[in-house]
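Participant:
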Amino acid sequence: MTIATVGDMLEQPNDELWFELVKQNHADLFPCLPDRTRYHRILLACERLFADFGLSLANAEHEEYAIIDSIPIPICRGARYNRPREQVEASGGRGSLGWVMGYKLHAVVSAGGMFKRFAVVGANVADPTVAKVLLDPRVDDLSAVLGDCAYLGCGITAPSRSNAKKPMPWTASMRKTRKMIESVFSRMVRCGLLVFGQLNSFRSVRTKVCRKVAMHNLILYLTH
Numbered sequence: 001m002t003i004a005t006v007g008d009m010l011e012q013p014n015d016e017l018w019f020e021l022v023k024q025n026h027a028d029l030f031p032c033l034p035d036r037t038r039y040h041r042i043l044l045a046c047e048r049l050f051a052d053f054g055l056s057l058a059n060a061e062h063e064e065y066a067i068i069d070s071i072p073i074p075i076c077r078g079a080r081y082n083r084p085r086e087q088v089e090a091s092g093g094r095g096s097l098g099w100v101m102g103y104k105l106h107a108v109v110s111a112g113g114m115f116k117r118f119a120v121v122g123a124n125v126a127d128p129t130v131a132k133v134l135l136d137p138r139v140d141d142l143s144a145v146l147g148d149c150a151y152l153g154c155g156i157t158a159p160s161r162s163n164a165k166k167p168m169p170w171t172a173s174m175r176k177t178r179k180m181i182e183s184v185f186s187r188m189v190r191c192g193l194l195v196f197g198q199l200n201s202f203r204s205v206r207t208k209v210c211r212k213v214a215m216h217n218l219i220l221y222l223t224h
């Protein structure tokens, strides 16, 4: 986990090359490293550990609002959309960049930008459906969770549509706070953290997302 997380923080594009670099140049720190194949199997087995570690860093934050939204994780576009594939969990869905084949990352982040909860599902799963899983009205104050118009009717605070008969309160402060999750997603896309075209299984995609979430929260934890 240490090798993978440090590699993610240093934006190493290739896990295999990074592992070999560490194995050759830092044998004094890691004297008993496994072979490359076993290293990858260990990373897959650590999926839940990466997620729990990353989310544990956000537990210390106590802020007035949280924000929920989703972003596509495409595995292909264009002419490859209808080709048969091994990842049967992937599905077609519409995102900000048009129709994609793949998954969606649904996340609840704090006003400071830390991931508090997240899920990876097929791209065709509706936002309100996942919100009902990520948020528990018996425990969570849904009125303190900000979302966009896609979450209207879920109990989440969201801007009303222009033709709404009873508009919900939506202040400038709420609008500014909700943009935090857009900034988080934009940063991840800009850094290439959500590009998983070469992964060949849903488990690999989930593990990669867990790693990126852990890395993101760790950087915020260390710099704030």
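Sequential numbering from 1 applies to the sequence shown in UniProt numbering.
All C-beta atoms, glycine included, are put in the ideal place defined by N, C-alpha and C.
Values in this document were obtained by computation on a predicted structure and should not be read as measured data.
Do you know how far the Cα of SER56 is from the Cα of SER110?
Facilitator: Each residue's alpha carbon lies about 13 Å from the other.
Participant: Give me the residue from ARG203, LYS212, PRO137, ALA172 with the minimum Cα distance to LEU194.
Facilitator: Minimum Cα distance to LEU194 is reached at LYS212.
Participant: Helix, strand or coil: which one does DSSP assign to VAL213?
Facilitator: Helix at VAL213.
Participant: Take the Cβ of CYS32 as the centre, count every other Cβ of all protein chains shown within 10 Å, and call the residue buried at 16 or more, exposed below.
Facilitator: Flag for CYS32 reads exposed.
Participant: Round the Cβ separation of SER70 and ASP127 to the nearest angstrom and send it over; I've been treating them as touching at under 8 Å.
Facilitator: At roughly 6 Å, the Cβ-Cβ gap stays under 8 Å, so SER70 and ASP127 are in contact.
Participant: For the alpha helix (DSSP H) containing PRO128, list its first residue and its last residue.
Facilitator: Here the alpha helix (DSSP H) through PRO128 covers 127–134.
Participant: By DSSP, does VAL22 sit in helix, in strand, or in coil?
Facilitator: Of the three classes helix, strand and coil, the one that applies to VAL22 here is helix, per DSSP.
Participant: Would MET1 be called buried (16 or more neighbouring beta carbons within 10 Å of its own) or exposed?
Facilitator: With fewer than 16 other Cβ atoms within 10 Å, it is exposed.
Participant: Between the alpha carbons of GLN12 and TYR103, how many angstroms are there, rounded?
Facilitator: Looking at the two C-alpha atoms, the distance is approximately 23 Å.
Participant: For ALA131 versus ILE156, is the C-beta distance shorter than 8 Å?
Facilitator: In this structure, ILE156 lies closer than 8 Å to ALA131 by Cβ.
Participant: Using the rule of at least 16 other Cβ atoms within 10 Å of the residue's Cβ for burial, across every protein chain shown, is PRO34 buried or exposed?
Facilitator: Result: exposed.
Participant: Distance, Cα to Cα, VAL22 vs ALA90?
Facilitator: Using only the alpha carbons, I get a separation of about 33 Å.
Participant: Report the three-state DSSP secondary structure of MET114 (helix, strand or coil).
Facilitator: It is coil, neither helix nor strand.
Participant: Can you name the residues that DSSP bridges to TYR103?
Facilitator: Paired residue(s): ILE73, GLY122.
Participant: DSSP has LEU146 in a bridge; who is on the other side?
Facilitator: DSSP output for LEU146 lists ILE67, THR157 as bridge partner(s).
Participant: So what does DSSP say about SER204, is it helix, strand or coil?
Facilitator: Note: SER204 maps to helix in three-state DSSP.
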